[in-house]
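Trainee: Residue numbers (numbering that gives the first Met the number 0), protein chains in the order written: chain A, 0 to 234; chain B, 0 to 234.
2 protein chains.
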Amino acid sequence: MAINSLMEDFSSLDTSSLVDKVEAKLVQLLKDQKLNVGDSIPKELELAERLGVSRTVIREALLRLRVMGLIESKKKKGAVITSPDIFGIISKSVNPHVLDQATLKEMFELRLILEIGMADFIFQRISPADIKELKKIVSKEPDATQDYLFNIDHEIAFHGKLYEITGNETLKKFQRMLLPVFDYVHHSGLLKKQVSIKRYVSHKGLVDIIENGSPEMFRNAMRNHLENHFSRLFE
Amino acid sequence: MAINSLMEDFSSLDTSSLVDKVEAKLVQLLKDQKLNVGDSIPKELELAERLGVSRTVIREALLRLRVMGLIESKKKKGAVITSPDIFGIISKSVNPHVLDQATLKEMFELRLILEIGMADFIFQRISPADIKELKKIVSKEPDATQDYLFNIDHEIAFHGKLYEITGNETLKKFQRMLLPVFDYVHHSGLLKKQVSIKRYVSHKGLVDIIENGSPEMFRNAMRNHLENHFSRLFE
DNA sequence: TTATGCATTATGTATGACATAATAAAAATA
DNA sequence: TATTTTTATTATGTCATACATAATGCATAA
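1. Consult DSSP for B:E22 and reduce its assignment to one of helix, strand or coil.
2. So, is A:D99 buried or exposed, given that buried needs 16 or more other C-beta atoms within 10 angstroms?
3. Below 8 Å CB to CB, which residues in the same chain sit around A:K134 once its five sequence neighbours on both sides are set aside?
4. Take the Cβ of B:G116 as the centre, count every other Cβ of all protein chains shown within 10 Å, and call the residue buried at 16 or more, exposed below.
5. Just checking my contact of A:V21 with A:V52 at CB under 8 Å: how many whole Å lie between their CB atoms?
6. Is there a C-beta anywhere in chain B that falls below 8 Å from the one on A:V206?
7. Run through chain A and tell me which residues come within less than 7 Å of B:F233, C-beta to C-beta.
8. Under a three-way DSSP split, which group does A:V79 fall into?
9. How would you label A:D31, buried or exposed, when you count the other beta carbons within 10 angstroms and need 16 or more for buried?
10. Is there a Cβ of chain B sitting closer than 8 Å to that of A:I209, yes or no?
11. Under the rule that 16 or more other beta-carbon atoms within 10 Å means buried, what is A:D119, buried or exposed?
12. Against chain B, does A:H96 count as a neighbour if the rule is that its beta carbon must be under 8 Å from one of theirs?
13. Does the distance from the CB of A:S82 to the CB of A:R175 come in under 8 Å?
14. Count the other CB atoms, across all protein chains shown, that sit within 10 Å of the CB of A:N158; report buried if there are 16 or more and exposed otherwise.
15. How would you list, in chain order, the residues of chain B whose beta-carbon sits under 9 Å from the beta-carbon of A:K131?
16. With 16 other CB atoms within 10 Å as the buried threshold, where does A:N167 fall?
17. Quick check: what's the CA-CA separation for A:L12 versus A:D19?
18. Here's the rule I'm using: 16 or more other beta-carbon atoms within 10 Å means buried, otherwise exposed. How should B:A101 be labelled?
19. If we count the other Cβ atoms within 10 Å of its Cβ and call it buried at 16 or more, is B:H224 buried or exposed?
20. For A:V36 and chain B, any beta-carbon pair shorter than 8 Å?
21. Taking 6 Å as the limit between beta carbons, can you name the residues of its chain near B:H96, skipping five residues before and five after?
22. If distances are taken between C-alpha atoms only, which option among A:L178, A:E132, A:F173 comes closest to A:D152?
23. Taking 8 Å as the threshold (C-beta atoms), are A:K42 and A:G87 in contact?
24. What does a CB cutoff of less than 7 Å around B:R58 pick up in its chain, not counting 5 residues either side in sequence?
25. Quick check: A:T165 and A:I121, are their CB atoms within less than 8 Å of each other?
26. Within 10 angstroms of the Cβ of B:P214, are there 16 or more other Cβ atoms? Answer buried if so, exposed if not.
27. List the residues that DSSP assigns as beta-bridge partners of B:K73.
28. Pick out whichever of B:L29, B:R54, B:I40, B:E48 has its Cα sitting closest to the Cα of B:S72.
29. Can you list, in chain order, the residues of its chain with a C-beta nearer than 7 Å to that of A:G37? Leave out the 5 residues immediately preceding and following it.
30. Helix, strand or coil for B:S39? Go by DSSP, reduced to three states.
31. Taking C-beta to C-beta, are A:L25 and A:L64 nearer than 8 Å?
32. Quick one: using the 10 Å Cβ neighbour count with 16 as the cut-off for buried, is B:E108 buried or exposed?
33. If the cut-off is 9 Å on Cβ atoms, which residues from the segment 75 to 87 of chain B count as contacting chain A, listed in chain order?
34. Can you name the start and end residues of the alpha helix (DSSP H) that B:K203 belongs to?
35. Quick one: does A:I136 have its CB under 8 Å from some CB of chain B?
36. With a threshold of 8 Å between beta-carbons, can B:N167 be considered close to chain A, or not?
Here it is as structure tokens:
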């Protein structure tokens, strides 16, 4: 055999473990649409027999699917296919302490991107009740002389409400995932010190724009509102 | 005992399995910062002994951490703590076929939010080489008479490049995760039919703005560029 | 008809054994 | 002595078996 084809054989050598293969096989089973949400998959022993591996391996593969949120297994009923709550799953494993600094900084940035980008969805889906609630929140807004660091709760209440208005649950979950990270990055020495803690467009200003303005105006205002954060990133 | 406190006792009944507890215990171990990235955790048998459970349970708990990307285990060295590549992990489990329609639609929306919101990062971090590459990509842009459905590749190349310019790897991974979803939603009957396939701001137009304009202008232009998608969501 | 209890069944847990791969120690070779 | 080869050790990977536990459905009794 020529050395080239030999090397090809090497490179294509299957280094994956047994469990890997079984996992792939099971995932493919789901992909093939043969199984829909709510359907139950074969019992562990049956799978073990059909795939010719031990129950241990099957269990481990199934466990992976379970951690990924693809299935749920009940005591007697066996395992049933579920629609995975992705961000629910990850938020569990997102732990600022175990993420490297670069990633943390990037997730910090991600929040800024989201809040500027979601303008259209706010304007499209906001209700009078939402505006009322926003006004109630900003009525308690601390005045401009205070550092917002002291007002985390108010920040979360206001911005959280904005996410809620978009009506996008996935987005909301994403925010919940980002929240502890944002807080962590804020307090860690990861970013530059905040030189000037100016207050730009206030929460009240944002609400005014939501009520009387346009998505364009909102994006610019939000960008301005977040200037304190941007300056720590860019300067 | 009063019925109320009795019920409280019931509600606080610990329904979690052994593995759940062990998992929680291990995760807390990591959180406590006693262990940093690169450190190795005790051997399975040692853990089993110390926690008073079987090796089976330990293995399953460790496996969960591994799926979540918190640890990696090597044959002899035992398990070592790793910095999880969150989005790398989930993109593996994000499978349009197993996600429910509501979630799919929301992820579709998420892309629109990101691309409008990331303007500032593009302008802040773009290099002359990037602009050159963008121009090269748009030089092959299909003319306005064609439906962009026929030009998915070009779409991905252009928009992918924009993500790349932001220099935010997490964002990029996030996009890679969203990509198959976006494609899927597009082709499924999930959204309204596209009534008018107009061409708004073109890719070339976006590049012009990147070169000569401002983040504000870019956001508005991108919003316009994505109008076809928005109209399918809003109308 | 409605509880109650019982048998069944599939997952959860425990145990012991061996396979495999990575490492370190020991031995052999130059 | 330095370097390579062999061997032993060790921790994870896989297998097999047994029993525990909880959920389900059926049968039985009130």
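Quick reminder that beta carbons are idealized off the backbone N, C-alpha and C, glycines included.
Mentor: From the atom records:
1. helix
2. exposed
3. V206
4. buried
5. 6 Å
6. Not a single C-beta of chain B is nearer than 8 Å to the C-beta of A:V206.
7. B:F233 reaches chain A at Q123, counting residues in chain order whose Cβ is nearer than 7 Å.
8. Looking at A:V79 - three-state DSSP - the assignment turns out to be strand.
9. Burial call: exposed.
10. With 8 Å as the cut-off, A:I209 does not count as an interface residue toward chain B.
11. buried
12. yes
13. no
14. Note on identity: in this sequence residue 158 of chain A is His, with Asn being the wrong assignment. A residue is called buried when at least 16 other Cβ atoms come within 10 angstroms of its Cβ; A:H158 meets this threshold and is buried.
15. Those do not exist, as A:K131 stays about 23 Å from chain B at its closest Cβ, beyond 9 Å.
16. buried
17. In this prediction, A:L12 scores a pLDDT of 42, lower than 50, which makes its location untrustworthy; the coordinate-derived value is nonetheless stated afterwards. Between A:L12 and A:D19, the C-alpha separation is close to 14 Å.
18. exposed
19. Per the 10 Å Cβ criterion, buried.
20. Closer than 8 Å to some Cβ of chain B, the Cβ of A:V36 qualifies, so yes.
21. Closer than 6 Å at the Cβ level, and outside the excluded window around B:H96, lies no residue.
22. Nearest in C-alpha terms to A:D152, of all of A:L178, A:E132, A:F173, is A:L178.
23. no
24. E43
25. yes
26. buried
27. B:G77
28. B:I40
29. V79, I80
30. Reduced to three states, the DSSP call for B:S39 is strand.
31. yes
32. Buried: at least 16 other Cβ atoms inside 10 Å.
33. Residues I80, T81, S82, P83, D84, I85, F86.
34. 202 to 211
35. no
36. yes
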